[in-house]
Structures are given as C-alpha cells and as structure tokens.
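Notes for the one structure printed next.
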Amino acid sequence: MLALSDPAWALLQGPYGSSQYVPEMLKQLQAGYDGEIADTLYWEELYHQNTLYTCTFAAVPYLVDIALSSSDTSIRADIYNICGIFEAKNVNPLHTKVPLEFARDQVELDADLAEYIYEQYQQAIVRLTGLTEEMVLYAKDHEGDVGKRYVLAAGAAFQGYRCVAFMLQSFDTGDEYTLDCPHCGTPLYIWPLEQSDVLVVYDKDPVNSKKPGSPFDPTRLIGP
C-alpha cells in the first residue's frame, strides 16, 4: 500500500484538489472507526458527485484492512458497501494498469507508482469478496431494502458485473430501470412484480408490452 507518510498523497487528486488530508483521516479511522469521519472521507474526499479520484484507489486498501481487522460487523458492512459503490463506478477496462483518472486529473506521478497503487486497489477488492456471504446474511437480519440492495450491488461489482451493480445502486422503488447484459449486450428491463417488492429482469419492456389488466409475464428471468 502507499505509505500514509508518502509525499505522493499531495500529488494525488480528490474533488477539491490535493488529497494531502486523506492520510490523516485514514489514521483516525484506524485508531477508531468514527461514522462522521468516515462519511466525510467517503463523500467529500474519495467519491463526490458520482466520480472516482486518484486518491480513491490509494485509500481503498486501507479501508479494506480496517474492515477485515474489525470485529464489528456493521463496520465491515459499511466499508463493504462503500467500496462496492466505488467499484461499480470504476470504468477502467479489465486489464488497465494505470487508471484513466490519472490522465484526467493530470497527476504527475511516476508510472510505476501509479501502477502499484491500482494493483493494490485491485487486490483489496478481491479480498473483499471473502466477506460476501457474511454480508448477505447480515443484510437479511436487518430492516431496510437499501442495505440489502447495496450488499447485492457490492457483491456484483466485486465479481466484475459493474453495470449490474450500478443499476442496483441507482434503482428507486417503483421506477423501471434498464441496462445492457454484460455478456451479450441485450437490453434488459428491471421492474417489480405487481403488488410486490420482488424485482424481475425482463428481456422485453414490461411497460409497453403489458396487456391491460394482465400481470407481467417475463419471457426470460436472468439469474446472477
């Protein structure tokens, strides 16, 4: 991982410029996970207005270490879900060595160090997949569809299904959501069953093809 004392943090970028304050916030979370500090770090420094930054990739390995060393399941779930949000928004191709964000933000960092930062990020994401079963069971025991939905989204993101993950994160109850199948590109439509919170995947638009007075009839249900 990029050492918290490394001067490269001042070169990495966040939404408001240099990420020089991120290491101190990570140190505070290592000393004791504080929700307010965590929220400020996540939403003001690492992920702002649906955008990832170069400092995000450097910070995630530390967050994963905090999650895996914590005995508090709620802390693990918090970090699992936020990293799922990050990875769902990661638009870098599979074999990318240096994330596109480095060129976008014109970060003047040695290419080898940039590759190392992203390599460490990817390894951290893989480590989080080991929490998936625990997180699913945890979500089942807690009220609120949002928590369950974000756990499912994170699990999908960590398995490489980023577009599915982003759809799950963005879905708002009662609204139809569309996406393209990550394997074949076929348009898919997400819609809740009538009088139910169950979401179904259709390969034809259930709104426009629905017969008046008839329940939705999916022609194909797509599994994970």
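Going left to right, the sequence shown walks through residues 163 to 386 as our numbering numbers them.
The beta-carbon is built from N, C-alpha and C at its ideal position, and this holds for glycine as well.
Give me, in chain order, the residues of the same chain whose beta-carbon lies closer than 7 Å to that of residue i; leave out the 5 immediate sequence neighbours on both sides.
i: H210; result: P177
i: V115; result: With the chain covering only 163 through 386, there is no way to say anything about residue 115.
i: L330; result: R311, L314, A315 and A318
i: E277; result: K259 and V260
i: I279; result: L164, F219 and A220
i: N252; result: L214 and R324
i: L275; result: A170
Out of the options, state which residue places its alpha-carbon closest to the alpha-carbon of residue i.
i: I247; options: P223, Q284 and A315; result: A315
i: D227; options: A318, T213, Y351 and I287; result: I287
i: Q182; options: L203, G197 and A193; result: L203
i: T235; options: Y300, H304 and M163; result: Y300
i: Q285; options: K302, E263 and K259; result: K259
i: A229; options: L191, E198, L275 and L166; result: L191
i: Y224; options: A193, N212 and N254; result: A193
i: K147; options: N254, A239, H257 and P349; result: Because the chain is modelled from 163 through 386, residue 147 falls outside the range shown and cannot be assessed.
i: E281; options: L256, A265, M297 and G309; result: L256
Which same chain residues, not among the five before or five after residue i, have their C-beta less than 6 Å away from its C-beta?
i: G375; result: Low local confidence applies: a pLDDT of 33 at G375 is under 50, so the model's placement there is unreliable, with the coordinate-based value given in what follows. Around G375: no qualifying Cβ.
i: N243; result: Y312 and A316
i: R289; result: V226
i: E207; result: G176 and V184
i: T291; result: F320
i: D267; result: Q175 and T216
Based on the DSSP secondary-structure assignment, which residues constitute the bridge partners of residue i?
i: P177; result: DSSP lists no partner for P177.
i: Y209; result: L214
Can you name, in chain order, every residue of its own chain whose Cβ lies under 8 Å from the Cβ of residue i, other than the five neighbours on each side?
i: E249; result: I287, A316, A319, F320, R324 and A327
i: M187; result: I199, T202, L203 and E207
i: D196; result: Q190
First and last residue of the alpha helix (DSSP H) that includes residue i?
i: G246; result: T235 to A250
i: M163; result: Run containing M163: none; DSSP gives neither H nor E here.
i: Y278; result: A273 to L290
i: E296; result: T294 to K302
i: V184; result: V184 to A193
i: A200; result: G197 to T202
i: E263; result: L262 to R266
Using a Cβ-Cβ cut-off of 8 Å, state whether residue i counts as contacting chain C.
i: Y209; result: In the structure shown, chain C cannot be found, because there is only a single protein chain.
Review point. Any contact of the segment 214 to 231 with the segment 164 to 176, i.e. 3+ C-beta pairs under 8 Å?
Key: yes
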